[in-house]
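Quick note on this note's numbering: the sequence shown kicks off at 39 and runs consecutively.
Just so it is clear, CB atoms sit at the ideal spot from N, CA and C, and this is done for glycine as well.
Worksheet: the structure to be examined is printed underneath.
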Amino acid sequence: MDFFSACTTMAASVRDAINPLCGTYEGGSQVGMGADGTPTKLIDKVAEDLIVTYLKEHNLCKILISEEIGKISIGGEEGTIYLDPVDGTYNAEKSIPFYALSVAYAEKGQVLRAFVQNLATGEVFTAEKGKGAYMNGCPIRVSDVSGLHTSAMSIYGKHFEQDRIFHLMQKIRRFRQFGASALEISYVAAGRIDGFVDLRSTLRVTDAAAGVLICEEAGGLVTDLQGRMIAFADEVTIGTCLIATNGHLHQKVIEYLR
């Protein structure tokens, strides 16, 4: 089955199942602990269960790495799928319309296809290696902003990194935090923001894999704080920093953060 058709079908099922739960006490109730060590909420579990069932029925990959269930065998002949069933769980809990299904298909550690859908609005970002990035089927490109003083960025960091983050924030024009990494990196790809910076060293491959390909295929650049490409391992948490920009700003951002 075609990857993007499968993702569209899965996203529709997830939207129908979880959107009535968003903003409710039941939907936000904790039902376990995820493979990443954070609480699993009912909306996470409902979404993940639907997708796991679908993947197994259609043998869409050999291995699944998902934020809640961790690494499991699906039964297909090849490929790994990195899945975040609900990226931006807090937003979904509070009925803030910025949460997403994030799915990436990889072979031999290289992400080949990516799908990110805002489950509240239905907006879809997709990419295929070497074939560009798209939003709702239309080609997208990163912005051409080249000066930090005119840029808009989403920035995350821990308390002990406040000085470093504040140093960068003083140089940019607009600072935002939307609360869903896959969507935010996709926003860089679409030119809606010029950069996404996550210095928390808690990066999950399930959050980043799809967004990274979408951003790169749109002409953006994604690295760690040392300027190295992000490597995707067969585990949920890869524990590194991530910087995604339109490319023009990348070295400037790294220099201000070092």
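{"Query": "Taking Cβ positions, are residue 285 and residue 258 nearer each other than 9 Å?", "Result": "yes"}
{"Query": "Are three or more beta carbon pairs between the region 170-186 and the region 219-239 nearer than 8 Å?", "Result": "yes"}
{"Query": "Apart from the five residues just before and just after residue 223, which ones in its own chain have a Cβ nearer than 6 Å to its Cβ?", "Result": "234, 249, 253, 282"}
{"Query": "Please list the terminal residues of the continuous alpha helix (DSSP H) segment that includes residue 145.", "Result": "Taken as a continuous stretch (DSSP letters only), residue 145 belongs to no alpha helix (DSSP H), being part of the beta strand (DSSP E) at 138-145."}
{"Query": "If you follow the alpha helix (DSSP H) that residue 57 is in, where does it begin and where does it stop?", "Result": "Neither: residue 57 is in no alpha helix (DSSP H) and is coded neither H nor E."}
{"Query": "Quick one: Cα of residue 165 to Cα of residue 175, how far?", "Result": "10 Å"}
{"Query": "Decide yes or no for the touch test of the region 144-156 against the region 78-93: beta carbon pairs closer than 8 Å, at least 3 of them.", "Result": "no"}
{"Query": "Are the CB atoms of residue 72 and residue 115 within a distance shorter than 9 Å?", "Result": "no"}
{"Query": "Indicate the three-state DSSP secondary structure (helix, strand or coil) for residue 43 in the structure shown.", "Result": "helix"}
{"Query": "Mapping the DSSP letters down to three states, classify residue 49 as helix, strand or coil.", "Result": "helix"}
{"Query": "Tell me the rounded alpha-carbon separation between residue 131 and residue 292.", "Result": "34 Å"}
{"Query": "Taking C-beta to C-beta, are residue 103 and residue 94 nearer than 9 Å?", "Result": "no"}
{"Query": "Taking 8 Å as the cut-off, is the CB of residue 209 close to at least one heavy atom of the ligand ADP?", "Result": "For the structure depicted, the ligand ADP is absent and the ligand set is empty, with no information on it obtainable."}
{"Query": "Mapping DSSP to helix, strand and coil, what is residue 165?", "Result": "strand"}
{"Query": "Answer with yes or no whether the minimum CB distance from residue 77 to chain B is below 9 Å.", "Result": "Judged by its chain identifiers, the structure shown contains no chain B, having just a single protein chain."}
{"Query": "Please say whether residue 218 and residue 129 have beta carbons closer to each other than 9 Å?", "Result": "yes"}
{"Query": "According to DSSP, what are the bridge partners of residue 104?", "Result": "108, 121"}
{"Query": "Can you round the beta-carbon distance between residue 192 and residue 208 to whole angstroms, since I take them to be within the 8 Å contact cut?", "Result": "With a Cβ gap of about 16 Å, residue 192 and residue 208 do not count as contacting."}
{"Query": "Helix, strand or coil for residue 70 per DSSP?", "Result": "strand"}
{"Query": "Helix, strand or coil for residue 94? Go by DSSP, reduced to three states.", "Result": "helix"}
{"Query": "List the residues that DSSP assigns as beta-bridge partners of residue 191.", "Result": "213, 233"}
{"Query": "What's the C-alpha gap between residue 187 and residue 206?", "Result": "10 Å"}
{"Query": "Just how far apart, CA to CA, sit residue 75 and residue 240?", "Result": "11 Å"}
{"Query": "With H, G and I counted as helix, E and B as strand and the rest as coil, what does DSSP make of residue 151?", "Result": "strand"}
{"Query": "In angstroms, rounded to a whole number, what distance separates the CA positions of residue 264 and residue 204?", "Result": "19 Å"}
{"Query": "Thinking just about the alpha-carbon of each residue, which of 221, 124, 288 is nearest to the one in residue 262?", "Result": "288"}
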